[in-house]
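Going by our numbering, the sequence shown opens with residue 958, and the numbers climb by one from there. Idealized CB from N, CA, C, for every residue including glycine.
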Amino acid sequence: MKRTRISVLLVIALLLQLYAPLTAGAADFTPNPQTEYAKRFIAACDGQTWFINEIERLLNAQQRTLDTITGAEDLVEIKSIGLKGQNITGHIPAAIGELSELRYLFLSDNHLSGDIPSALYTLPKLQNVDLGGNDYAGAIPSEFGTMPALKTLVLKDNQYTGTIPDTILSNTQIEVLNLMGNQLTGGFPAAVAGMSSLKYLNLSENAIGGTIPDLSALNNLISLSAWQCGLTGTIPETLYSLSGLQILDLSENKLEGEISAGIANLADLQYLALDTNPLRGVLPDAFTQTALTEIHLENTYLRGFVPATLKARHDAGAKVYLNNNYMTGAVLKDMPNNSGNFTDGAASEQHQLAGTRSTVTVSKDGTVNLYALLLNKSLTTGSTAKVLLRPDEYVVTLDDTKVQVTADSSGIYVKALTDIPLNTNFSIT
């Protein structure tokens, strides 16, 4: 089961700071318009009873009724519509354009679909739009990017396809952009670096692919989530210049290369998830962020020892996940979440010779490529899909000076330096 992401909690917190608790819908109201304006407004509601009921409820709180409104000035006290998870079907009607003072529109986790009315995009004070968890499909409307006051746009968990519109990517006032859980493609857009006010960006669970662009211009960024996006390439060094970043989640991608010591520059980091990527190398001794409370580095090709700063985070109470890597050492052995590593320091824990072979014969006359004879023990039992590291990623030692071991990118080579009696045993780890 997919773990709950801390980034989701952040955006909820941001929204709740801006808006009072969401309200439940009222009972069905049967309109009986008494004015020409009321008749036009109800007609513009296009039979969307959920919208009519909510407007009536909000007017009732002002000792008014929809039947007797005489103009848009009677609707100026309506600043928020919050109908999260009310099982609403249908669409947003054009009548929403009459709500000139509307600031917050929260309609997530319903069954809305169809075209969004053009009148919504021109509302002069609408700052926060959450249409996540509905049934919208097709391209993301470019008009979202032209809204005059928009700061928060949440379209997660719909069925949007295509790319992110240029109008959104060039918007310099949007602070929260959450598009996770759609079917977006086209690569991680470099133009997002121009969204200078951006604090929260979530592109997770989209097949966008491509590499991570230079995001160093996003000086206000607090949270970056792009897990399960099919991202390739390496983690760019420029990403580590975002000193205000608190949440970084790039897990479940195809990112390669090493984790740079530059990660220490993310001084405010609280949550780090780089797991389930083919990352390689050893961990830098750069986990100096005292606010770090959760660190996911499992399911990679990381090797070597647990650095002192990472141990310090663990000792301070942070949850550190290092399962199913290629790491070793006494520190790792004493930590939780360490399964699937070399915690006893022995290659024999996960590797064995191929076939029925139990020994390797070496001589002075030539070398034997030990790497070509190795087999991942776990593959023989089917317990895991862990594969061998590259030959030059192993540190090879032996217990006798009569044998020479060298390693390069093509193999691990063993050669006898002197005559050795048959059946002489050497330990190579």
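- Rounded to the nearest whole angstrom, the CA to CA distance from Leu1327 to Val1360 is 13 Å.
- Bounds of the beta strand (DSSP E) holding Val1133 are 1133-1135.
- Within the model, the alpha-carbon separation for Asp1092 versus Asn1210 is close to 26 Å.
- Taking the Cα of Ile1053 as reference, the smallest distance to any Cα among Leu1032, Thr1118, Leu1077 is reached at Leu1077.
- Take the alpha-carbon of Ser1320 and the one of Thr1358: they are about 14 Å apart.
- Thr1266 is positioned such that its CB atom lies no closer than 8 Å to that of Thr1285.
- Between Ser1154 and Glu1132 the beta-carbon gap is near 5 Å, inside 8 Å, which marks them as a contact.
- Fewer than three pairs of CB atoms, one per stretch, sit closer than 8 Å, so the region 1018-1028 makes no contact with the region 1037-1051.
- Within its own chain, the residues whose Cβ lies closer than 7 Å to the Cβ of Glu1194, once the five positions on either side in sequence are excluded, are Ser1217, Gly1219, listed in chain order.
- The beta-carbon distance between Ser1173 and Asp1206, rounded to whole angstroms, is 19 Å. This is too long to meet the 8 Å contact definition.
- By the neighbour-count criterion, in which a residue is buried when 16 or more other Cβ atoms sit within 10 angstroms of its Cβ, Ser1208 is buried.
- With a threshold of 16 other beta carbon atoms within 10 Å, Ala1329 falls short and is exposed.
- One Cα belongs to Ala1148, the other to Gly1167, and the distance between them is close to 14 Å.
- Nearest to Leu1141 by C-alpha distance, out of Leu1134, Asn1163, Asn1159, is Asn1163.
- Shown here, Ser1161 sits in coil according to DSSP, grouped into three states, outside any helix or strand.
- Membership of Thr1124 in the alpha helix (DSSP H) is indicated by the continuous run 1123-1126.
- Contact between Thr1324 and Tyr1370 holds: CB atoms are separated by about 4 Å, below the 8 Å threshold.
- As a beta-bridge residue in DSSP terms, Thr1118 pairs with Ala1096, Gln1140.
- Residue state for Ile999 is assigned as helix, using DSSP reduced to three classes.
- For His1068, the three-state secondary structure derived from DSSP is strand.
- Straight-line spacing of the CA atoms in Phe1101 and Gly1143 works out to 19 Å.
- Here the alpha carbons of Val1277 and Phe998 stand approximately 57 Å from one another.
- Secondary structure at Ser1182: strand, using DSSP grouped into helix, strand and coil.
- Taking all protein chains shown into account, Lys1113 has 16 or more neighbouring C-beta atoms within 10 Å of its C-beta and is therefore buried.
- A direct Cα-to-Cα measurement between Ile1179 and Leu1110 gives close to 16 Å.
- Within the DSSP secondary-structure output, Ile1216 pairs in no beta bridge.
- A straight-line Cα-Cα distance of about 10 Å links Ile1038 and Leu1056.
- Per DSSP, reduced to three states, the secondary structure at Lys1290 is helical.
- Counting along the chain, Arg1014 sits inside no beta strand (DSSP E); it lies in the alpha helix (DSSP H) bounded by residues 1006-1017.
- Separation of the CB atoms of Leu1223 and Ile1252 is rounded to 12 Å, and the pair is thereby denied contact status at 8 Å.
- Annotation for Ala1029: no alpha helix (DSSP H) segment contains it, and DSSP assigns it neither H nor E.
- Put simply, of Ala1248, Asp1232, Val1263 the residue whose alpha carbon is nearest the alpha carbon of Val1239 is Val1263.
- Rounded to whole angstroms, the separation of the alpha carbons of Leu1289 and Ile1125 is 45 Å.
- Comparing C-alpha distances from Arg1237 to each of Ala1287, Ala1001, Gln1005, Tyr1351 shows the shortest one belongs to Tyr1351.
- Selection Leu1212, Glu1215, Leu1199 evaluated against Asp1225 yields Leu1199 as nearest (Cα-Cα).
- Around the beta carbon of Thr1129, a 10 Å sphere encloses fewer than 16 other beta carbons of the protein chains shown; the residue is thus reported as exposed.
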